[in-house]
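To start, the structure under review is shown below, and the notes come after it.
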Amino acid sequence: MIYNMYIFDRHCQCIYYHDWHRGHTGKTAFEHNDPLSSHPSGGGGGSTTTTTTMTDPRQGMNMSLEEEGKLVYGVVYSLRNLVKKLGKSSQDGFIAYKTSHYKLHYFETLTGLKLVLNSDPGVESLQQALRQIYTQLYIELIVKNPLASASLSGGNVNPETMGAEGFRNGVDRFVRSLTMFDTL
Amino acid sequence: MIFSIYIINKAGGLVYNKDYSEGLSKLTSNEYLVLAGTFHGVHAITSKISPVPGSSGIEMLETDTFRIHCFQTLTGTKFLLVADPQQPSIDHTMRKIYEVYSDYCVKNPFQNPEMPIRSEQFDVHLLKLVKSVGGLVVNSNITTSSNPYIVSGAVNTGNTGVSASTASGTGGTNSALQSQTGGVSSQPASQPTITSGPSS
Chain A
1 MIYNMYIFDR HCQCIYYHDW HRGHTGKTAF EHNDPLSSHP SGGGGGSTTT TTTMTDPRQG
61 MNMSLEEEGK LVYGVVYSLR NLVKKLGKSS QDGFIAYKTS HYKLHYFETL TGLKLVLNSD
121 PGVESLQQAL RQIYTQLYIE LIVKNPLASA SLSGGNVNPE TMGAEGFRNG VDRFVRSLTM
181 FDTL
Chain B
1 MIFSIYIINK AGGLVYNKDY SEGLSKLTSN EYLVLAGTFH GVHAITSKIS PVPGSSGIEM
61 LETDTFRIHC FQTLTGTKFL LVADPQQPSI DHTMRKIYEV YSDYCVKNPF QNPEMPIRSE
121 QFDVHLLKLV KSVGGLVVNS NITTSSNPYI VSGAVNTGNT GVSASTASGT GGTNSALQSQ
181 TGGVSSQPAS QPTITSGPSS
């Protein structure tokens, strides 16, 4: 089962979010049709919502997507540094981690782009799938598309409307084609 | 192959760390503390960012060359086991580590659960456990890694007094068998283990 996917650029911004099997979990606050809800202009009410999530005993139920994106980034960033420090060779990288309910797969490109995919804990490594998303979809549909890459790198183009639909559709199609997409 | 074992108390402080095999880079004690604190924080966050509700914290971290397994007890103490990806029966090993911890740290009246663990008995039994699950690779590294035990057992250094007093404290409470030798101090009792350690 594939749950969701984040892409972070090298400026720590969540430039892409997509979820698949999350609707039934009660996360009604999630709107997966806004592609870039964590662009910096939306950071206004951050402090108040942070305090509510901290005191809320329910686990992450009322977290905004933006906040969640920041937490995910923080986690993968910390773990990546931890692994780098502990490992002997410098190319030694963090691949995935697993909890009782999900598994987070991580892939980082040389340019600092970070792809994060959450699945159920039984799934084997998805490194190859993430690499394919990068080489076949991101490179082709974002990097080679000046409009989309400008919007995704925080340019003045309106990111909500320009250029990224092809990529979103491509990712959707690709992830749905994975064998573990629907099976638990 | 088991690289190292860390124990993190419920506040995120590192109370025990021991390296068993080469393969990871050596860190300073300060860096180990930072690492423990980072992991503690990340562990808390990973249960929050779960796409499905009710997830635990991070249980296994996978990298190219090693895996970090984490087991959290009900009281919040975390055991981290850094091992080879091929290391078998991690769950069993983890339970055994918890058992050794319960026997030689929790049952030790002189051991504060939030304070660093300085117990020779614990060291010795943990080493024995790691050996029994094939956690050590047989080469010259073993003798260097088990050297500290020999030094603290045989040669009289400044901290021998401390470790001997904690060890005899453990001996006095653990069992009747131990308390017979406990009066003498448990140094002679642990001597056979130490000398047989490198040779086996």
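Protein chains in written order, with UniProt numbering: chain A, 1 to 184; chain B, 1 to 200.
All residues carry an ideal CB built from backbone N, CA and C; glycine is no exception.
On a predicted model such as this, the values are computed, not experimentally measured, just so you know.
With respect to chain A, the C-beta atom of Ile2(B) has no partner C-beta closer than 7 Å. The three-state secondary structure of Phe39(B), taken from DSSP, is helix. Taking CB atoms only, Val72(A) has a neighbour in chain B less than 7 Å away.
Cβ neighbours of Pro121(A) within its own chain (closer than 8 Å, five residues either side excluded): Lys98, Thr99, Ser100, His101, Tyr102 and Lys103. At least one CB of chain B lies nearer than 7 Å to the CB of His101(A). Taking C-beta atoms as the reference points, His105(A) and Leu126(A) count as a pair closer than 7 Å. Proximity of the region 4-18 of chain B to the region 66-78 of chain B meets the contact definition, three or more beta-carbon pairs being nearer than 8 Å. The CB of Leu184(A) never comes closer than 9 Å to any CB in chain B; the least such distance is about 11 Å. The beta-carbon of Met94(B) is placed no less than 7 Å from the nearest beta-carbon of chain A.
For Ile2(B), no alpha helix (DSSP H) run applies; the uninterrupted beta strand (DSSP E) run containing it begins and ends at Ile2 to Ile8, by DSSP.
Secondary structure at Arg10(A): coil, using DSSP grouped into helix, strand and coil. Beta-carbon to beta-carbon, Leu33(B) and Leu14(B) are separated by about 5 Å, close enough to satisfy the 8 Å threshold. Two segments are said to touch when three or more pairs of C-beta atoms, one from each, lie closer than 8 Å; by this definition the region 36-48 of chain B does not touch the region 12-19 of chain A. When 7 Å is used as the limit between beta carbons, Met60(B) is near these residues of chain A: Tyr97 and Lys98, in chain order.
Of the residues assessed, Arg95(B) falls on the exposed side of the cut-off, its CB having fewer than 16 other CB atoms within 10 angstroms.
Closest by C-alpha distance to Cys70(B), out of Pro51(B), Ala36(B), Val52(B) and Ile117(B), is Ala36(B). Among the residues facing chain B, Glu108(A) is not included, as its CB has no counterpart in that chain under 7 Å away. With respect to chain B, the C-beta atom of Lys84(A) has no partner C-beta closer than 7 Å. Comparing alpha carbon positions, the residue from Gly74(A), Gly87(A) and Tyr77(A) closest to Thr65(B) is Gly87(A). Taking a C-beta distance under 7 Å as the contact criterion, Val143(A) and Tyr6(A) do not qualify as a contact pair. Under the three-state reduction of DSSP output, Asp120(A) falls in the coil class, being neither helix nor strand. One thing to note: Gly12(B) has its Cβ within 7 Å of the Cβ of His40(B).
For Ser29(B), not one C-beta of chain A is nearer than 7 Å to its own C-beta.
For Thr93(B), the enclosing alpha helix (DSSP H) begins and ends at Ile90 to Tyr101. DSSP places Asn108(B) in no alpha helix (DSSP H); its state is neither H nor E. In the DSSP assignment, Ala96(A) forms a beta bridge with His105(A) and Glu62(B). Within chain B, no residue has its beta carbon less than 9 Å from that of Ser90(A); the closest one is some 10 Å off. Considering only beta carbons, the part of the region 16-48 of chain B lying closer than 8 Å to chain A consists of Gly23, Leu24, Ser25, Leu27, Glu31, Leu35, Thr38, Phe39, Gly41, Val42, Ile45, Thr46, Ser47 and Lys48, in chain order. The secondary-structure analysis by DSSP pairs Asn145(A) with nothing; it has no beta-bridge partner.
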